[in-house]
Structures are given as structure tokens and as C-alpha cells.
Amino acid sequence: MSGATRGSVRRSLRSLRHGVGRLHTRYLLRHELRLKTWWRHGRRHAAPIDPFRVLMVDPATIRSWLDMERDDFMRIRYDFGVRDGDWDLSTTPFSEHFVFSSIAARFTRAVPWSDTRLVEVALAGVRSGDGRYHGCTTEAALETRLRALETLHEHVRRDGYKAQSELARQPNHPLLRRRYRPPELDEVLVDIGRDGEFILVDGVHRFSVARVLEVPRIPVCVLVRHAEWQRLRDRAARAPNSVPETVRQHPDIEHLLGRSTRPPEGPA
């Protein structure tokens with residue numbers, strides 16, 4: 000076997016090991032997260048709490064967002080479940096988010112990035128060194144981020160909004176976020192308040208582009224449901240005919256109405 004052939008074989012084996020390792024990591028994370036979510040929350044409810052269920056939602060129905068520090072978000076990033084309290088009342092209108100207003104200005108009125116609030120915030124983070132806008136501590140990093148936003152807008156405008164599970168079939172696609180974990184975990188992330196209101200948690204750039212381009216529906220995953228809303232979901236799972244007509248078409252309810260009455264299931 001020639002040296003060139005041996006080198007080619009070694010590269011192929013490394014690529015295979017890398018691919019197998021990535022699939023193994025995805026499998027373990029999926030299984031671990033399902034088990035943890037079921038043990039902490041799901042076993043107490045008739046309606047399943049599946050961290051990997053994707054809902055198709057009209058972006059126009061997501062009108063508010065939950066403002067939190069990035070470090071706080073990272074602490075709860077995989078804490079899928081149910082929470083009581085008034086957290087769902089402390090939201091901000093999404094129209095006031097500086098990322099959304101900047102993306103809207105750029106792509107609907109051709110405003111230069113340099114004249115947007117996004118760049119103003121990002122440059123303040125560069126000067127202070129705190130990287131307050133997505134960790135950008137240099138102008139070069141900011142430029143890279145802005146080019147990525149241009150690419151995101153162009154792909155969604157030209158090809159439509161694709162789910163991460165679809166992009167995962169194209170490993171080199173520029174909009175595929177992370178290859179080492181289940182693609183559902185990289186969809187736009189929302190909470191659901193007590194009245195069924197969708198509240199944006201993560202994915203503000205993709206969501207903003209979807210809003211600007213008036214995409215009719217996008218895939219989202221639910222991080223936290225208010226306890227009152229979860230009680231309605233449990234009711235839908237146990238007694239579908241008792242669910243009020245006003246919520247029967249809600250994306251987080253409609254798939255439950257065909258379920259038969261049964262006790263909570265263990266993890267898949």
C-alpha cells in the first residue's frame with residue numbers, strides 16, 4: 000500500500016470515528032435529557048413533556064420575550080419542565096428588542112448596519128471588553144457576525160425557513176448550528192405562559208428574520224410551561240372533549256386531543 004493510500008485510509012478512519020462519535024453524543028444527550036425531564040416533571044403529568052417535540056408556530060403569534068442575562072439562560076438551557084408563579088407576567092414586547100429593530104431596519108429599509116442599535120450595543124461591548132453582544136470583543140468578530148446575519152437572511156428569503164433537523168441532513172450547510180447534539184435543541188426556544196401565550200427565550204436572530212420575511216410558520220421547542228397551562232394540557236390528554244374550543248387549535252394542545260386516557264408514561 001502506497002504512502003498516499005495509507006494517508007487516505009487514515010483520513011477516512013478519522014472521519015468515520017468523528018462521525019460515529021458525534022452520533023453517539025447525540026444519542027446519549029437525547030436519552031439523558033428525556034430521562035431527566037421525565038423524572039423531574041413528566042411523570043407527574045398526563046400530557047407528555049417532551050424536550051424534543053417541535054411545534055410549528057406562526058411567528059406573528061410570538062409577541063413578547065423573556066429578558067434574561069446570558070449566564071442565567073445557560074444555567075436553565077436544558078431544564079425543560081413546568082413552573083408556577085408570575086414569571087410569565089414579566090415579559091417585554093418583542094417589538095422593543097434591539098436585535099429585531101436592527102434586523103428590520105437593515106432588511107426592510109436598507110439601513111447600514113453601522114446605523115443600527117445592534118452595532119451600537121456590540122461596539123460598546125468591544126470597547127469595554129465584556130462582549131455583551133454574543134461574545135464579540137473585536138470589530139473583526141462583529142463583522143463576522145454581521146456577515147452571518149446577511150447569510151441567514153439570504154438563505155431564508157431564497158429557500159424558506161428550514162428546521163434544524165432538515166439542515167442536519169446537509170452537514171456543511173451554513174445555517175446548521177451544532178452537529179454534536181440533537182438538532183431540535185437548536186430550534187427557536189419558547190416558554191408558554193398561563194394563557195397559552197408563546198414567549199421567546201432564545202433564537203432572536205432567526206426569529207427576527209422570520210418576522211421580517213413574514214414566514215408563515217417556524218419550528219420551535221418549548222423550554223418551560225406555566226403550571227396553569229400544563230394543567231390544561233393534562234386535561235386535554237385525559238378528557239379531550241372537555242377542552243374549550245378557544246384552545247383546541249393551539250399548537251401545544253391540538254396534538255394531544257387524539258390521545259386516549261392513560262397514566263403518565265416513563266421515558267422513551
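So the sequence shown is numbered by numbering that gives the first Met the number 0: it starts at 0 and just counts up by one. Cβ coordinates follow ideal geometry from the N, Cα and C atoms, glycine included. Being a predicted model, the structure only gives us computed values, none of them experimental.
Item to complete: Determine whether the Cβ of Arg-43 lies closer than 8 Å to any Cβ atom of chain D.
Response: Absent here is chain D; the protein component of the structure consists of one chain.
*DSSP-derived helix/strand/coil call for Val-214*: Taking the sequence shown and counting its residues from 1, the one referred to as residue 214 is at position 215. Looking at Val-214 - three-state DSSP - the assignment turns out to be coil, as it is neither helix nor strand.
Helix, strand or coil at Val-110 according to DSSP, with G and I counted as helix = What you label residue 110 is simply residue 111 of the sequence shown in a count that begins at 1. DSSP places Val-110 in coil when its eight states are reduced to three.
(request) Per DSSP, which residues does Pro-92 bridge with? Please list them. (result) Taking the first residue of the sequence shown as position 1, residue 92 is located at position 93. Pro-92 is bridged to Ser-63.
- Rounded to whole angstroms, what's the CA-CA distance from Glu-213 to Pro-58? Just pull it up for me. Residue numbering aside, residue 213 sits at position 214 when the sequence shown is read from its first letter. Residue numbering aside, residue 58 sits at position 59 when the sequence shown is read from its first letter. Cα to Cα, Glu-213 sits roughly 8 Å from Pro-58.
Item checked: Spatially closest choice to Ala-103 from Arg-216, Val-221, Arg-210 and Leu-199, by CA coordinates -> Translated into positions along the sequence shown, residue 103 becomes position 104. Per the Cα distances, Arg-210.
(Q) Quick check on Gln-248: buried or exposed, where buried means 16 or more other Cβ atoms within 10 Å of its Cβ? (A) Position 249 of the sequence shown, counted from the start, is the residue given in the question as residue 248. By the neighbour-count rule (16 or more Cβ atoms within 10 Å), Gln-248 is not buried but exposed.
Just to confirm the assignment: which complete alpha helix (DSSP H) runs, minimum length 4, are found wholly within the segment 221–251? 226–237
- Query: Any chance the segment 39–50 sits against the segment 77–94, with 3 or more Cβ pairs inside 8 Å?
  - Reply: yes
- Who are the Cβ neighbours of His-40 in its own chain at under 6 Å, not counting the five residues just before and after it? In the sequence shown, counting from the first residue as 1, residue 40 sits at position 41. Within the same chain, and ignoring the five residues on either side of His-40 in sequence, the residues whose Cβ sits closer than 6 Å to its Cβ are Ile-48, Gly-80 and Val-81.
DSSP three-state call for Val-219: helix, strand or coil?
Sequence index remark: in the sequence shown, residue 219 carries index 220 (1-based). The answer is strand: DSSP assigns Val-219 an E or B state.
Inset, instruction - Would you give the residue range spanned by the beta strand (DSSP E) that Gly-80 belongs to? - result: Here residue 80 refers to the residue found at position 81 of the sequence shown. Looking at the DSSP string, the run of the beta strand (DSSP E) that includes Gly-80 is 80–82.
Among Ile-217, Lys-161 and Val-221, which one has its Cα closest to the Cα of Arg-188? Position 189 of the sequence shown, counted from the start, is the residue given in the question as residue 188. In the sequence as displayed, the identity of residue 188 is Leu instead of Arg. Nearest option by C-alpha distance: Val-221.
Going by the CB atoms, is the gap between Glu-183 and Val-56 shorter than 8 Å? Position 57 of the sequence shown, counted from the start, is the residue given in the question as residue 56. Position 184 of the sequence shown, counted from the start, is the residue given in the question as residue 183. Cβ distance not < 8 Å, so Val-56 and Glu-183 don't count as in contact.
(Q) Less than 8 Å between the C-beta atoms of Thr-90 and Leu-117, yes or no? (A) Numbered from its first residue, the sequence shown carries residue 90 at position 91. Numbered from its first residue, the sequence shown carries residue 117 at position 118. Contact: no.
Classification of Val-238 by the beta-carbon crowding that lies within 10 angstroms, buried from 16 upward: Taking the sequence shown and counting its residues from 1, one reaches residue 238 at position 239. It should be pointed out that residue 238 corresponds to Ala in this sequence rather than to Val. Exposed, because fewer than 16 other Cβ atoms sit within 10 Å of the Cβ of Ala-238.
Quick check: the Cα distance between His-152 and Ser-241, rounded to an integer number of angstroms?
Looking up residue 152 in the sequence shown gives position 153. Looking up residue 241 in the sequence shown gives position 242. Their backbone Cα atoms lie some 43 Å apart in a straight line.
Open item on the list: For a minimum of 4 consecutive residues, which ranges assigned as the alpha helix (DSSP H) are wholly contained in the segment 144–168?
Closed with: Those alpha helix (DSSP H) runs which fall completely within the segment 144–168 and span 4+ residues are 163–166.
Using the Cβ count rule (16 or more neighbours within 10 Å means buried), how would you classify Asp-190? For the purposes of this step, residue 190 is identified with residue 191 of the sequence shown, where counting begins at 1. Label assigned to Asp-190: buried.
**Message:** Quick check: Phe-93 and Leu-27, are their CB atoms within less than 8 Å of each other?
**Reply:** The residue given as residue 93 occupies position 94 in the sequence shown. The residue given as residue 27 occupies position 28 in the sequence shown. Not in contact: Phe-93 and Leu-27 (Cβ atoms no closer than 8 Å).
Residues in the same chain with beta-carbon distance under 6 Å from Ile-61, minus the five sequence neighbours each way, listed in chain order, please. As a working mapping, residue 61 is identified with position 62 in the sequence shown. Cβ neighbours of Ile-61 beyond the five flanking positions: Phe-197 and Leu-199.
Checklist entry - When the Cα of Asp-194 is compared with those of Trp-86, Glu-31 and His-44, which residue comes out closest? => result Indexing the sequence shown from 1 puts residue 194 at position 195. Measuring from the Cα of Asp-194, the nearest candidate turns out to be Trp-86.
Just confirm the distance between the C-beta atoms of Thr-162 and Pro-218, as a whole number of angstroms; I'd bet it's less than 8 Å.
-> Within the sequence shown, the letter at position 163 stands for residue 162. Within the sequence shown, the letter at position 219 stands for residue 218. The sequence shown places Ala at residue 162, not Thr. A Cβ-Cβ distance of about 4 Å is found for the pair Ala-162 and Pro-218, placing them in contact under the 8 Å criterion.
ask   = Comparing alpha-carbon positions, which option in Phe-97, Gly-128 and Leu-34 lies nearest Asp-114?
value = For the purposes of this step, residue 114 is taken as the residue at position 115 of the sequence shown. Of the candidates Phe-97, Gly-128 and Leu-34, the one whose C-alpha sits nearest the C-alpha of Asp-114 is Phe-97.
Worksheet item: By DSSP, does Phe-99 sit in helix, in strand, or in coil?
Response: Within the sequence shown, the letter at position 100 stands for residue 99. Looking at Phe-99 - three-state DSSP - the assignment turns out to be helix.
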